[in-house]
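Reading through the structure tokens given below for one structure.
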Amino acid sequence: MHSWSLALAFGLFSGVYAHVVAPRDPQSSTAASINVPTYASIDAASALGAKIGPSGYYTEDFGGGAYMVTDGSYQSLVLVSNDGVIVVDAPPSIGHKLLYAIGNITNASVTHLVYTHNHADHIGGAAIFDPAVEIVAHYETAQLLAQVNDTNRPPPTQTFHTSHTIGCGNQTLRLEYKGDNHIRGNIFVYAPKQKVLMLVDVIFPGWVPFSQLGEAKNVPGFILAHDQVLAYDFKHFVGGHLERSGNRQDVLVQKEFMNDLFTNCKYAIDQSATNNPILGAGPLLAAVSGKDSGNPWALFKVYLDLVVGYCSNTTNEKWLNRLAGADIFDTDNAMTMIESLRIDYGVLGPFQLQ
Ligand SMILES: *[C@@H]1O[C@H](CO)[C@@H](O)[C@H](O)[C@H]1NC(C)=O
Ligand SMILES: *[C@@H]1O[C@H](CO)[C@@H](O)[C@H](O)[C@H]1NC(C)=O
Ligand SMILES: *[C@@H]1O[C@H](CO)[C@@H](O)[C@H](O)[C@H]1NC(C)=O
Ligand SMILES: *[C@@H]1O[C@H](CO)[C@@H](O)[C@H](O)[C@H]1NC(C)=O
Ligand SMILES: *[C@@H]1O[C@H](CO)[C@@H](O)[C@H](O)[C@H]1NC(C)=O
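For the sequence shown, the positions run -18 to -1, 1 to 336 when mature numbering (1 follows the signal peptide of the UniProt record, and there is no 0) is used.
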């Protein structure tokens, strides 16, 4: 896996990259002046998939006319029927390569495009398809898209609230909404004949979740989604990211990771309300208000860094060699969990009702 291409595709370092490639002035920072950390190497076979060849993409065949197309960072699902092709998501990073992948599978034309959710990094390539293609998405996705008016993401031509089944020739694709998780409108996409399940930005097979629990807007919904996934009868799982597809075991592993993160973060907050010598927040908060008097942001920053640091370190003691990327998004994921515990779950530690 080219880690740089992954980072670029995620838009992670786009600002930095622009600087390196096209400096606005000669004084701009150069690649050499950017302090790039050396993270644990990604050598676990469980983290990687098929090697992406010179075409820049790889097509995984699930059988029965179901395929996953990946560029190593992003994924689409393709369902070929005897009466047209259904495509789920069109990441801009795969872009026109998605048409080549489909063209090498079938001569049939694309009749349906499904948006799993509204995010541009997963559907911003939608404009590669004929404007006559039926676009199906959840009602909330249509609402979110209407707020921003992005011509790269044409509005859905068909929306639904709870569930919708696309029947296309010999293929069936079930779309189901179970509530907000990564973002409202994010749907479960299930091909029952092939037992393929797709849910994007929730499960990251072989890897810890992307930053901030995959940018989850609703952390309790994100956590709940693990059991909602496991309730399906599936053999293949498409998570929308990285190189390989997943399976049940990947979901169970991430569920265990999330349990650990939850437990360790909750312990840190609970202990911060006691006189625990490391985590007890009393002396720390007193010291901050002595130094940054009248500055509640300073108070919270120092407090959050303490509990996040503990939660992140404790979680990594177990997960560093089990899931790829554990040393990269450790504090980002712990911070999101700490904040959710505080404001969603009401685990307030020293800031609880007095
Ligand atoms: C449906 O038809 C397509 C195209 O003929 C074929 O590739 C696929 O295997 C069929 N799938 C099922 C489940 O019948
Ligand atoms: C098949 O794949 C190759 C490599 O990506 C591509 O150049 C070619 O255009 C594809 N064929 C079709 C019919 O799309
Ligand atoms: C598409 O049709 C052409 C011409 O009949 C054929 O050579 C080619 O193999 C077909 N492609 C696929 C992927 O079935
Ligand atoms: C969206 O774009 C169209 C065409 O450019 C414009 O007429 C419309 O006012 C825009 N709507 C919003 C909400 O920005
Ligand atoms: C977490 O680990 C880092 C690096 O080893 C260390 O600097 C930090 O003090 C630790 N934080 C806590 C709260 O244990």
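Positions of the beta carbon are idealized from the N, C-alpha and C atoms, including for glycine. Everything numeric in this text was worked out from a predicted model, so none of it was measured.
Cβ neighbour criterion (16 or more within 10 Å) applied to residue i
i	result
residue 239	buried
residue 220	buried
residue 161	exposed
residue 279	exposed
residue 19	exposed
residue 55	buried
residue 320	buried
Beta-bridge pairing of residue i - partner residues as DSSP gives them
i	result
residue 158	145 and 170
residue 223	56
residue 218	178
Secondary structure of residue i, DSSP reduced to three states
i	result
residue 210	helix
residue 63	strand
residue 181	coil
residue 5	With a pLDDT of 40 at residue 5, under the threshold of 50, the modelled position of that residue is not reliable, and no figure is offered here.
residue 44	strand
residue 68	strand
residue 51	strand
residue 228	strand
Closer than 6 Å: residue i CB and nearest ligand 1 heavy atom
i	result
residue 63	yes
residue 86	no
residue 160	no
residue 47	yes
Residue i Cβ short of 6 Å to ligand 5 heavy atom set
i	result
residue 249	no
residue 246	no
residue 292	yes
Near ligand 2: residue i beta-carbon under 6 Å from a heavy atom
i	result
residue 40	no
residue 82	yes
residue 58	no
residue 75	no
Any non-hydrogen atom of ligand 3 closer than 6 Å to residue i Cβ
i	result
residue 89	yes
*Of all the alpha helix (DSSP H) runs that stay within the bounds of the region 257 to 308, which reach a length of 4 or more residues?*
Fully enclosed alpha helix (DSSP H) runs of 4 or longer: 263 to 273 and 278 to 301.
*Enumerated in chain order, which unbroken segments of the alpha helix (DSSP H) with a length of 4 residues or greater are wholly contained in the region 74 to 159?*
Unbroken alpha helix (DSSP H) stretches of 4 residues or longer found wholly inside the region 74 to 159: 79 to 85, 102 to 105 and 121 to 130, given in chain order.
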